[in-house]
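Below is one structure, written out as structure tokens; the observations come after it.
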Amino acid sequence: MHRSASRVLTVVIAAVVTVMWSAGAAFAVPTWKVQATPLPGAAAGGLFGDVSCVSATLCTAVGRSLDSSGRATPLAERWDGTSWTVQSVSDPTGDVADPILSAVSCTSASACMAVGWGNGGSALIPFSERWNGTTWSIVSMPTPNVNGSAQLRDISCVSATVCFAVGAYYDGSKFRPFSERWNGTSWALRTVPQPTGATTSELSGVQCKSASFCVAVGYFTTATVTSRVLALRWNGTSWSATTAAVPAASSDSGFSGVSCTSTTACAAVGYYSNSSARYVTLVERWNGSKWTVQASPTGPGTVTNELLGVSCVSASACAAVGYSRSGSNPRVVLAERWNGTRWAITPTPAITGSTGAVLGAVSCTAATACTAVDYFQDASHTYTQLLAERYA
């Protein structure tokens, strides 16, 4: 082609692309946008603990709402592709006070399981609720120690009859990890090994790909170690430790969440303290045999950073969320994306009336379809308010 003709064609193509971009056509760049999230009844505030999406137009978020006296009530809301609506949730008031649903996992529009805990007076008591497509109902659960507190922090379901929930319980002298398995009819405890030499350990995240493969993450401490990343694997019969990498020069580290796309591709996120005593983001990758640290950015000028949740849809597409903080300033939302080569911060919008905000959980159904939730603090500082953001 003649050079001048090529130049004319380039100009024409550029003009067409510019028109399509300005019109919001297929070339629109995905961005995070704050979504309106209603509070139930006369609630004065609340927070989301987790979110699970089965499609771009169907997500479930759980947490708790607070009335004007500060009493907590379990909360569940549903995203239908257009708006969030409050669902009626069973309140285990007779068993526990101030309950919270901390995590949820859905496998279809009619199958979700949520877990959490409440104050039983002398101890924290775990509980679960099941969604059957019409209603939420409480499902009884065993506790690992009748004389101690127990909290369930995360859940992962691969079907309506296979779920794993993880957390920590207090045995009277130290915190220990524990796990429960749902078989479609009932929950049963599954033994979780305490790391060698650990004085305390907790599990904060779990992801299952089948009934015979799960990864659970958290942290443990010893007499000489402040905290260290902890990762376990379920093989269909038992939990066993895997050796997570310890970032160089780190004196403190921990995992908060994990996401797997296969038995040989998992990403775990959290934090660690670096040689400058700053808390920075931590991402590690599981390849089926070992964990390796991946470089991940931190908020500019910040001294505290933590990634709390992660969701991957492929080996080259993940989203992670959390917060960053500079000195005594309020927390601000931190969001990052993995493109198969590197992690990069994705800008998030300012939240009207917010004096601090956190995104603690994220669920993606495609590389450009993610929902993240948690809370923001309003100017009154009385109660936290619900926060949901959509990346699309």
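Take the sequence shown: its position 23, counted from the start at 1, is 23 in the numbering used here, and no numbers get skipped. The beta-carbon is built from N, C-alpha and C at its ideal position, and this holds for glycine as well.
Roughly how many whole angstroms lie between the Cα atoms of residue i and residue j?
{"i": "Arg130", "j": "Asp50", "result": "15 angstroms"}
{"i": "Trp239", "j": "Gly167", "result": "14 angstroms"}
{"i": "Pro30", "j": "Thr348", "result": "11 angstroms"}
{"i": "Ala265", "j": "Val310", "result": "13 angstroms"}
{"i": "Ser259", "j": "Gly218", "result": "13 angstroms"}
{"i": "Ser149", "j": "Ala123", "result": "4 angstroms"}
{"i": "Leu75", "j": "Gly46", "result": "8 angstroms"}
{"i": "Trp291", "j": "Leu307", "result": "17 angstroms"}
{"i": "Ser328", "j": "Val215", "result": "35 angstroms"}
{"i": "Ala388", "j": "Val373", "result": "4 angstroms"}
{"i": "Ser289", "j": "Leu203", "result": "21 angstroms"}
{"i": "Ala392", "j": "Gly205", "result": "25 angstroms"}
{"i": "Ala319", "j": "Ala295", "result": "14 angstroms"}
{"i": "Ala25", "j": "Gly184", "result": "For Ala25, the predicted model reports a pLDDT of 39, less than 50, meaning its position is unreliable and no value from the coordinates is stated."}
{"i": "Pro38", "j": "Ile138", "result": "23 angstroms"}
{"i": "Ala366", "j": "Ala317", "result": "8 angstroms"}
{"i": "Ala361", "j": "Ser173", "result": "30 angstroms"}
{"i": "Thr200", "j": "Pro193", "result": "12 angstroms"}
{"i": "Glu77", "j": "Ser275", "result": "42 angstroms"}
{"i": "Phe213", "j": "Ala165", "result": "14 angstroms"}
{"i": "Arg285", "j": "Ser251", "result": "20 angstroms"}
{"i": "Leu58", "j": "Thr135", "result": "16 angstroms"}
{"i": "Thr382", "j": "Ala72", "result": "14 angstroms"}
{"i": "Ser354", "j": "Asp378", "result": "5 angstroms"}
{"i": "Asp91", "j": "Thr161", "result": "23 angstroms"}
{"i": "Trp32", "j": "Asn145", "result": "42 angstroms"}
{"i": "Ser69", "j": "Ser326", "result": "32 angstroms"}
{"i": "Val89", "j": "Phe48", "result": "14 angstroms"}
{"i": "Asn235", "j": "Ala28", "result": "43 angstroms"}
{"i": "Gln207", "j": "Gly81", "result": "25 angstroms"}
{"i": "Leu359", "j": "Leu386", "result": "10 angstroms"}
{"i": "Ala23", "j": "Gly120", "result": "Reliability fails at Ala23, whose pLDDT of 39 lies under 50, so the model's placement of it is uncertain and the value that follows must be treated cautiously. The straight-line gap from Cα to Cα measures roughly 56 angstroms."}
{"i": "Thr143", "j": "Thr191", "result": "12 angstroms"}
{"i": "Thr107", "j": "Ser140", "result": "20 angstroms"}
Would you kindly report the start and end of the unbroken beta strand (DSSP E) that includes residue i?
{"i": "Gly327", "result": "Unbroken run through Gly327: none, as it is neither H nor E."}
{"i": "Thr107", "result": "97-108"}
{"i": "Val86", "result": "84-87"}
{"i": "Pro74", "result": "72-79"}
{"i": "Ala114", "result": "111-119"}
{"i": "Arg337", "result": "332-338"}
{"i": "Ala216", "result": "213-222"}
{"i": "Ala344", "result": "343-345"}
Round the Cβ separation of residue i and residue j to the nearest angstrom and send it over; I've been treating them as touching at under 8 angstroms.
{"i": "Leu230", "j": "Pro195", "result": "6 angstroms"}
{"i": "Phe376", "j": "Ile351", "result": "5 angstroms"}
{"i": "Ala315", "j": "Gly340", "result": "7 angstroms"}
{"i": "Thr221", "j": "Ala198", "result": "7 angstroms"}
{"i": "Val96", "j": "Gly118", "result": "3 angstroms"}
{"i": "Ser406", "j": "Thr371", "result": "Residue 406 lies beyond the range of the chain shown here (1 to 392); nothing can be said about it."}
{"i": "Gln35", "j": "Arg337", "result": "So it is not a contact: roughly 19 angstroms between Cβ atoms."}
{"i": "Ala267", "j": "Phe255", "result": "Their Cβ separation, rounded to whole angstroms, is 10 angstroms, which puts Ala267 and Phe255 out of contact at 8 angstroms."}
{"i": "Ser105", "j": "Cys53", "result": "In fact, because the Cβ distance is near 11 angstroms, the residues do not count as touching under 8 angstroms."}
Of all Cβ atoms in chain D, is any one closer than 8 angstroms to the Cβ of residue i?
{"i": "Val225", "result": "The question asks about chain D, but that chain is absent: this structure has only one protein chain."}
Report task. Decide if the region 108-123 is in contact with the region 146-162; the criterion is three or more beta carbon pairs, one per stretch, under 8 angstroms apart. Result -> yes
**Report entry** Length-filtered (3 minimum) beta strand (DSSP E) runs lying within the region 352-383
**Finding:** 354-366, 369-378
Query - Inter-stretch contact at 8 angstroms, needing at least 3 Cβ pairs: the region 172-180 / the region 241-259 - result: no
Requested in this report: Check whether the region 56-63 touches the region 96-106, taking contact to mean three or more Cβ pairs, one atom from each stretch, closer than 8 angstroms.
Outcome: yes
Query raised in the report: Which residue spans inside the region 228-316 form an unbroken beta strand (DSSP E) run of at least 3?
Result: 228-234, 239-242, 253-262, 265-273, 279-286, 291-294, 304-314
Requested in this report: May I have a chain-ordered list of the beta strand (DSSP E) segments no shorter than 3 residues that lie completely inside the region 128-199?
Outcome: 136-139, 150-159, 162-170, 175-182, 187-190
**Report entry** Continuous beta strand (DSSP E) assignments of at least 3 residues falling wholly in the region 27-66
**Finding:** 32-35, 45-55, 58-66
Requested in this report: Count the C-beta pairs between the region 291-311 and the region 327-340 that are closer than 8 angstroms, then say yes if the count reaches three, no if not.
Outcome: yes
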